[in-house]
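Q:
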Ligand SMILES: CC(C)(COP(=O)(O)OP(=O)(O)OC[C@H]1O[C@@H](n2cnc3c(N)ncnc32)[C@H](O)[C@@H]1OP(=O)(O)O)[C@@H](O)C(=O)NCCC(=O)NCCS
């Protein structure tokens, strides 16, 4: 019991005193009711076990099936709307927030609820569905719907839940979309910019010739005309295939 109180005090910065935790933390009350219900369940007194579970649900808004196996240092913050299914297994030092479902998909039999590793955090409103495994130290983001195993020390978010961080490293696809839509290349603008640059060079050369000077040397790679012509030919081919074909044939 002291460990349960310590878990609440460590993980909820709002917990100011042991008396407050004892009286105002429904997660703790539901957990203690579950311990009694689980003992009855294991000694095959299933109906009284369910009754205790249901009374605890009425009082706390947290439904833990008496069959669920829960490790030490378990903490449910706020609690309302949490549902934990019969074949759920929860490791040590796990934290759940309100509205979390550790449930079944409806298509499995036997072991049909998740196995949650040590030190896992499941954010508010997350649904973890099926006999899958959440690895030690993983975080499930608020609102995620997880239907596949989650590797240890990773963070999953979204629907369906996908890892965005594994072992402290951001997963490549989580860093952003493959194509930055705001930075798509614009061939027309590039060709225009090239032509403007080229006019500038030619005017400089013409001015030098007029004044009887040596025209300035062109920097290597400065002439973008060939690539601009290719870009424009491709664009024209998209708009009018016959024009593109004749251009590229030239
Ligand atoms: C997932 C969570 C644990 C953060 O984990 P983290 O390892 O610190 O990860 P980050 O904050 O670096 O986020 C990683 C990426 O996931 C995104 N992300 C974080 N939480 C998310 C969520 N719940 N849903 C969708 N995306 C989320 C971030 O925007 C970031 O995306 P980016 O890579 O495109 O920038 C946290 O956001 C969360 O959801 N915690 C639950 C807290 C909770 O339920 N509180 C209730 C209090 S009453």
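In this note's numbering, the protein residues as written are 241 to 490. Beta carbons: idealized from backbone N, C-alpha and C, even for Gly. The model shown is predicted, which means the values in this text are computed figures rather than measured ones.
1. Measuring only from the beta carbon, is residue 361 closer than 7 Å to any heavy atom that is part of ligand 1?
2. Note down the Cα distance separating residue 437 from residue 380, rounded to an integer number of angstroms.
3. Just how far apart, CA to CA, sit residue 466 and residue 411?
4. Among 430, 306, 328 and 324, which one has its Cα closest to the Cα of residue 283?
5. Less than 8 Å between C-beta atoms, sequence neighbours within five positions excluded: which residues of the same chain meet that for residue 309?
6. Do you know offhand how far residue 475's Cα is from residue 428's?
7. Express the C-alpha separation of residue 366 and residue 265 in angstroms, rounding to a whole number.
8. Please list, in chain order, all residues of the same chain as residue 353 whose beta carbon is under 7 Å from its beta carbon, the five residues on each side excluded.
9. Rounded C-beta distance between residue 271 and residue 261? I'm assuming under 8 Å.
10. Ligand 1 and residue 410: does any heavy atom of the ligand fall closer than 7 Å to the residue's C-beta?
11. Output yes or no for whether 8 Å exceeds the beta carbon distance between residue 387 and residue 400.
12. Between residue 398 and residue 377, which are expected to be in contact by the criterion C-beta below 8 Å, what is the C-beta distance as a whole number of angstroms?
13. To which residues of the same chain is residue 288 closer than 6 Å at the C-beta, ignoring the five residues directly before and after it?
14. With the cut-off set at 8 Å, would you say residue 391 and residue 368 are in Cβ contact?
15. Which same chain residues, not among the five before or five after residue 336, have their C-beta less than 7 Å away from its C-beta?
A: Based on what the coordinates show:
1. Taking the chain shown and counting its residues from 1, the one referred to as residue 361 is at position 121. Under cutoff, so the answer is yes.
2. Reading the chain shown from its first residue, position 197 is the one you call residue 437. Reading the chain shown from its first residue, position 140 is the one you call residue 380. Going by the C-alpha atoms only, they are around 53 Å apart.
3. As a first step, residue 466 must be located in the chain shown, where it is residue number 226. As a first step, residue 411 must be located in the chain shown, where it is residue number 171. Each residue's alpha carbon lies about 39 Å from the other.
4. Here residue 283 refers to the residue found at position 43 when the chain shown is read from its first residue. Checked all of 430, 306, 328 and 324; the closest Cα to residue 283 is 306.
5. For the purposes of this step, residue 309 is identified with residue 69 of the chain shown, where counting begins at 1. Excluding positions up to five away in sequence, the list reads 278, 328, 329 and 330.
6. Mapped onto the chain shown, residue 475 falls at position 235. Mapped onto the chain shown, residue 428 falls at position 188. One C-alpha to the other measures close to 8 Å.
7. Residue mapping note: residue 265 aligns to position 25 of the chain shown, counting from 1. Residue mapping note: residue 366 aligns to position 126 of the chain shown, counting from 1. For residue 265 and residue 366, the distance between alpha carbons rounds to 20 Å.
8. Sequence index remark: in the chain shown, residue 353 carries index 113 (1-based). If we look at residue 353 and ignore the five residues flanking it on each side, its Cβ neighbours are 325, 326, 327, 328, 342, 343, 344 and 371.
9. For the purposes of this step, residue 271 is taken as residue 31 along the chain shown, with counting starting at 1. For the purposes of this step, residue 261 is taken as residue 21 along the chain shown, with counting starting at 1. About 12 Å separates the two Cβ atoms, so there is no contact after all.
10. The residue labelled residue 410 in the question sits at position 170 within the chain shown. Checking every heavy atom of ligand 1 against the Cβ of residue 410, one is found closer than 7 Å.
11. Mapped onto the chain shown, residue 387 falls at position 147. Mapped onto the chain shown, residue 400 falls at position 160. Yes, the pair counts as a contact, with Cβ atoms nearer than the cut-off.
12. As a first step, residue 398 must be located in the chain shown, where it is residue number 158. As a first step, residue 377 must be located in the chain shown, where it is residue number 137. Actually they do not touch by this definition, with Cβ atoms about 19 Å apart.
13. Against the chain shown, residue 288 aligns to sequence position 48. 280.
14. Residue numbering aside, residue 391 sits at position 151 when the chain shown is read from its first letter. Residue numbering aside, residue 368 sits at position 128 when the chain shown is read from its first letter. No, they are not a contact pair.
15. The sequence position of residue 336 within the chain shown is 96, counting from 1. Counting only Cβ-Cβ distances below 7 Å, and skipping sequence neighbours, we find 316, 322 and 362.
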